[in-house]
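Convert by adding 10 to the 1-based position in the sequence shown; the result is the number in our numbering. Ideal Cβ placement from N, Cα and C applies to all residues, glycine included. All remarks here apply to the structure that follows.
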Amino acid sequence: MVKIIGIVGSPRSKGNTSFLMQKALESAESVGVQTEIIYLGRSDIRPCKACNVCKETGECAIKDDMKSILEKVNSAQGIIIGSPVYFGNVTAQTKIFMDRSRPLRGDFQMQDKVGAAISVGASRNGGQETTCAAIHDFLLIHDALVVGDGAPGAHYGATGVGGGKKDCQEDLTGIATAESLGKRVATLALKLANK
Ligand SMILES: Cc1cc2nc3c(=O)[nH]c(=O)nc-3n(C[C@H](O)[C@H](O)[C@H](O)COP(=O)(O)O)c2cc1C
11 MVKIIGIVGS PRSKGNTSFL MQKALESAES VGVQTEIIYL GRSDIRPCKA CNVCKETGEC
71 AIKDDMKSIL EKVNSAQGII IGSPVYFGNV TAQTKIFMDR SRPLRGDFQM QDKVGAAISV
131 GASRNGGQET TCAAIHDFLL IHDALVVGDG APGAHYGATG VGGGKKDCQE DLTGIATAES
191 LGKRVATLAL KLANK
């Protein structure tokens with residue numbers, strides 16, 4: 011079965027990014043894919059130390075939760091990465107995930123996976139688009155296929171506005187973009203898998 015993995019890059023595993031990710035994945039499931047969420051905030055993941063062991067062996071020298079996270083990413087056909095906006099960019103947790111994904115790039119194991127971004131900021135123009143762009147750059151460097159929230163919106167990705175933990179539950183526009191994005195990722199992944 012086609013699988014879409016959601017990576018929640020917030021330290022708050024019950025906050026806005028998690029909420030919008032759930033909306034995106036529910037919508038993805040409605041078109042017939044399996045989904046799973048990974049909460050980086052609950053995971054033991056440490057920063058890349060540039061030892062370059064992964065370049066020689068394809069394996070990271072740091073022994074923590076990244077190994078099982080990368081196995082899950084590898085087994086999926088689509089990946090949605092959600093991050094709160096922190097100073098106009100992704101969170102440290104999301105960046106650790108990005109840097110530590112290097113073992114997958116040696117032989118481009120993320121090539122042709124369908125990838126998309128969700129971001130949430132407290133302000134309306136708080137950096138949601140720059141945060142989505144950082145996620146898109148990461149996906150492009152892995153040779154993944156980047157999509158947004160699809161027609162008729164067809165914008166950058168899913169973006170939420172909210173500061174308090176539950177604010178995005180009232181953000182109808184943010185919810186709509188998350189649902190469209192989830193469906194877009196799932197539909198394209200199914201198409202590529204000829205299902
Ligand atoms: C260190 C830090 C930096 C932040 N920087 C921004 C920012 O640049 N722009 C913005 O709109 N919100 C910013 N915020 C607010 C968060 O993006 C906002 O609270 C968001 O809802 C958090 O998502 P979460 O509920 O999934 O954790 C920042 C919050 C923190 C803790």
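* To do: Determine the extent of the beta strand (DSSP E) in which Lys13 is found, giving its start and end residues.
  => Lys13 to Val18
* Span separating the alpha-carbon of Ser20 from that of Leu30 -> 12 Å
* Report whether the distance from the Cβ of Ala132 to the nearest heavy atom of ligand 1 is below 7 Å. => yes
* Selected residue, minimal CA-CA separation from Val130, among Asp122, Ala164, Ser93 and Ile79 -> Ser93
* To do: Indicate whether Ala86 and Lys201 have their beta-carbon atoms separated by less than 8 Å.
  => no
* Thinking Asp74 and Ile55 are a contact (beta carbons under 8 Å), I'd like their distance in whole angstroms, please. => 6 Å
* **Run of the alpha helix (DSSP H) containing Glu81, from where it starts to where it stops** => Met76 to Ser85
* Kindly list the residues whose CB is nearer than 7 Å to the CB of Ser37, restricted to its own chain and excluding five residues on each side of it in sequence; keep chain order. => Glu189, Gly192 and Lys193
* **Assigned exposure category for Phe148 - 16 Cβ within 10 Å defines buried** => buried
* Asked: Where does Ala71 fall in DSSP's three states?
  -> coil
* Same chain only: Cβ atoms within 7 Å of Ala199, ignoring 5 sequence neighbours per side -> Val12, Ile14, Val43, Gln87, Gly88 and Val124
* Between Lys175 and ligand 3, is the CB less than 7 Å from at least one heavy atom? -> Of the ligands this structure carries, namely ligand 1, none is ligand 3.
* Under the rule that 16 or more other beta-carbon atoms within 10 Å means buried, what is Ile90, buried or exposed? -> buried
* Return the chain-ordered ranges of every beta strand (DSSP E) run that is complete within the stretch 145-185 and spans a minimum of 3 residues. => 168-171
* Hey, would you say the C-beta of Asn84 is under 7 Å away from at least one heavy atom of ligand 1? -> no
* Straight-line gap, Gly25 to Leu50 (C-alpha atoms, nearest Å) -> 13 Å
* Between the stretch 137-148 and the stretch 55-74, do three or more beta carbon pairs fall short of 8 Å? -> no
* Asked: Leaving out the 5 sequence neighbours to the left and right, which residues in its chain are closer than 8 Å to Met207 when beta-carbon positions are compared?
  -> What the structure shows of the chain is the stretch from 11 to 205, and residue 207 is not part of that stretch, so it cannot be assessed.
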